[in-house]
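Counting in my numbering, the sequence shown runs from -8 upward without gaps.
Positions of the beta carbon are idealized from the N, C-alpha and C atoms, including for glycine.
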Amino acid sequence: MSASSTNAHGSVKSYVTGLVLSLILTIIPFAVVMSGALSVLATVVVVVVTAVLQILVQLGMFMHMNTKADEGWNMMSFVFTLTILVLVVGGSLWIMQHLHLNMMIG
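See the structure below:
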């Protein structure tokens, strides 16, 4: 694959851009945690925000998830999968929390 070729799987430029963005979004939370300059809450916010951005970069640059009409089913199945995942994990955490509260002894 040459640097100027563009096909359905992306170009070298898009992969390099994704790699650079991924590295930056990995280095930022690492530096924040290792420096200890921010409060715990601010550190958690930085880590969560960069994690979400990292997921979006991975999905867009490497997995080529988009909302184009010809690839709309990929996005729809991904949204469905996320919905089921949130329901299962959220429901499990909710049940475990209530079990913990109801089973605690004095």
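- [ ] Count the other CB atoms, across all protein chains shown, that sit within 10 Å of the CB of methionine 54; report buried if there are 16 or more and exposed otherwise.
- [x] exposed
Open item on the list: Here's the rule: buried if 16 or more other CB atoms are within 10 angstroms of the residue's CB, otherwise exposed. What is methionine 52?
Closed with: buried
Task: Range covered by the alpha helix (DSSP H) that runs through methionine 66 - done: 63 to 94
Open item on the list: Between the alpha carbons of serine 13 and valine 39, how many angstroms are there, rounded?
Closed with: 14 Å
Open item on the list: So, under 8 Å CB-CB, valine 23 and leucine 29 are touching, yes? Tell me the CB distance rounded to an integer number of Å.
Closed with: 6 Å
Task: Three-state class that DSSP yields for serine 2 in the structure shown - done: coil
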